[in-house]
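Residue numbers (UniProt numbering): 1 to 311.
Positions of the beta carbon are idealized from the N, C-alpha and C atoms, including for glycine.
What follows is one structure encoded as structure tokens, with my remarks underneath.
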Amino acid sequence: MSAPVVPPFDRKVLDRPAAPRAVIFICLHSTFCGGHGDRLFGLLSAYLAALLSGRSFFIDMRTPLPLPSLLHPRKRPWPAVSSACVTYRWTSAEDPKSLEDDIQLFMEDDSEVVCIASNLRLFKALLRYDTSSDWAFARSGLLSGLFLDLFSLAPMPSSLVSNFLRQMQGRQLLGIHFRAGNETTWSDPARHALSDLDLALRCAASVESHLKLPGSAWLLASDTLKIRQHPVVEQLHRAGKVVYLEDRPTHIDRSSPEVVSILQSWAVWWVLAFHTEALLSHSNFGWSAAEIGQRSAFHFPSCRPADVSSP
């Protein structure tokens, strides 16, 4: 007898009236927010916490740019300006052993408004508080459903996405995100040596063959322009195989804020998440795009398929 098939996450469970109590996710200049991936995992964890505790959800993200200039509300108004509030800090700077106790305190908190600062994925810990009769939240595609309930792309990064897709003229895209780390213009630990690019390119060729994507373009995104000096990358770019969207790489938590760079970084993330056939990555920038966009994903440099069904 086969096990019952659990259906994917259904966004209809998010259709509920506004609650009188509220959670505000905060990312301020004094808050440890993290980069794209960490920030999105923390934000969506806070949204899940709000849902499971019966609270409305709002966002006050001001760094490096106000979030409404990058992402727009899709179904519900979430922009907010926070003031003094009880704040739960669920970040990588805290003692991991205290997080579960802190989540329980949050669930028991009867304050009218509470704030959450988080850059961690806490879905498994939070799902212990899913009291719905059919465990409606513990389903594959949870993060995608939460994100798409909250966000659409704002006009400025959306125009960058549209221009890029127009240039691609309908070509299928294979995404590669290469995080070098210490090859950047900002302080960052080493992640991958530039010599690892050969492994990434061989993996891309293998995935392209496996998924039967002849003629696809490889969108190569990175935190450094040095990858473009690699001889094989140069050759593939001249042939139109490797393509770029950004020309000013940035890290939204580590580098100096520059408006054009930040807009480009969100446009790249959006294309990786929603316009690629598959994605190769070994960073939370890429993993968050693959998981939220529900892309076929492959772990770099091993080239093994990655499970991004969430949670």
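| Query | Result |
| --- | --- |
| Taking contact to mean at least 3 C-beta pairs separated by less than 8 Å, is the stretch 105-114 in contact with the stretch 15-23? | yes |
| What beta strand (DSSP E) runs, 3 residues minimum, are completely inside the stretch 145-202? | 151-153, 173-178 |
| For the 8 Å Cβ check, are there 3 or more pairs between the stretch 41-55 and the stretch 262-276? | no |
| Quick check on the burial criterion: 16 or more other C-beta atoms within 10 angstroms. Buried or exposed for R295? | buried |
| CA-CA distance, A205 and V232? | 13 Å |
| So, with DSSP's three-state summary, where would you put H29? | coil |
| Is it buried or exposed for R16, if we count other Cβ within 10 angstroms and need 16 for buried? | exposed |
| Give the secondary structure of A265 by DSSP, where H, G and I count as helix, E and B as strand, and everything else as coil. | Ala is not the amino acid found at residue 265; the sequence shown has Ser there. Of the three classes helix, strand and coil, the one that applies to S265 here is helix, per DSSP. |
| How many Å lie between residue 317 and V308 at the Cα? | Outside the modelled stretch of the chain, which goes from 1 to 311, sits residue 317, for which no answer is possible. |
| Is P257 near R139, with beta carbons less than 8 Å apart? | no |
| Under 7 Å from any heavy atom of the ligand MN, does the C-beta of H192 make it? | Ligands in the displayed structure: none, and consequently the ligand MN is not present. |
| Closest to R62 by C-alpha separation, out of V86, S30, C85, would be which residue? | S30 |
| Helix, strand or coil, according to DSSP, for P231 in the structure here? | helix |
| Does the stretch 63-77 come close enough to the stretch 178-196 that 3 or more CB-CB pairs lie under 8 Å? | no |
| How big is the Cα-Cα spacing for L40 and D247? | 23 Å |
| Would you kindly report the start and end of the unbroken beta strand (DSSP E) that includes L280? | 278-281 |
| Using C-beta distances below 8 Å, list every residue in its chain close to P68, excluding the 5 sequence neighbours before and after it, in chain order. | P79, A154 |
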